[in-house]
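Per the numbering used here, residue 648 is the first one in the sequence shown, and the count goes up by one each step.
Each residue gets a CB set at the ideal place from its N, CA and C atoms; glycine is no exception.
Down below is the structure, laid out as structure tokens.
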Amino acid sequence: MAYQKLNVSRAWEVSPSDNAPIPQIMVKDGTQTVVSNSGNTITVDPAIDLLKLGIVKGMIIVNPGGDSAIINSVSGNEITLNIPATPFGPTSKFDVYGGNSNGAVLYVGTAGNVRVLTSGGDDVTFSAVQAGSFIPVNVIKVYDTSTTASDILALW
């Protein structure tokens with residue numbers, strides 16, 4: 648009987664988001680702290696030059712609560728997001744990841760539906776995914792809307 652062999656070297660806990668894709672696994676910069684936020688912009692310590700750290704448009708910002716957004720622009724110590732900066736309030740921490748990935752296979756720990764965007768651009772919902780299952784499709788986003796499964800891991 649044939650079986651699918653899956654070998655991965657990295658894993659990342661997915662927080663479903665309608666706002667940002669699954670990032671590349673590498674972290675561009677260690678944890679930073681928000682000093683203030685207004686509209687779609689967050690500001691960090693003025694002594695930090697985000698451009699010198701290599702943070703650029705298109706990277707993904709994630710806070711410990713799992714909220715994520717795409718960076719639309721970077722200027723000195725300010726980052727403009729593709730969503731209101733509310734989840735990134737003063738004193739909140741965040742990591743910056745290297746941008747969009749080419750896709751990851753998913754492991755689903757708790758049963759339910761999983762709505763995804765595939766690397767081919769298809770928005771599909773996998774219904775009634777069983778706990779402990781793999782979704783062997785290159786996925787670039789797990790949507791919060793319509794996803795009822797939890798304990799999802801992205802595997803590369």
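Per DSSP, A778 lies in no beta strand (DSSP E) and is assigned neither H nor E. Of the residues T792, G767, V776 and S774, the one whose Cα lies closest to the Cα of V786 is G767. Of the candidates T757, P783, F781 and L653, the residue whose Cα lies closest to the Cα of T795 is T757.
With a cut-off of 8 Å on Cβ pairs, the region 678-687 is not in contact with the region 764-781, counting fewer than three such pairs. Apart from the 5 residues on each side of it in sequence, P734 sits with its Cβ closer than 8 Å to the Cβ of N710, G712, D714 and A716 in its chain, given in chain order. Under a 10 Å Cβ-count criterion, P668 is classified as buried, with 16 or more other Cβ atoms of the shown protein chains found around its own Cβ. The beta carbon of I695 lies closer than 8 Å to those of Q679 and N724 in the same chain, with the five residues before and after it left out.
In the structure shown, Y754 falls within a strand segment according to DSSP collapsed to helix, strand and coil. A Cβ-Cβ contact shorter than 8 Å links P663 with D791. Shortest Cα-Cα distance from L728 to any of A775, G750, V703 and R762 involves V703. Around the C-beta of L653, fewer than 16 other C-beta atoms lie within 10 Å, and the residue is accordingly described as exposed. Where S797 is concerned, the enclosing beta strand (DSSP E) starts and stops at S797 to L802. DSSP places L764 within a strand segment (E or B) once states are collapsed to three.
Contact annotation: I799 and Y754 have beta-carbon atoms nearer than 8 Å. When the beta-carbon positions are compared, I726 and L697 come within less than 8 Å of each other.
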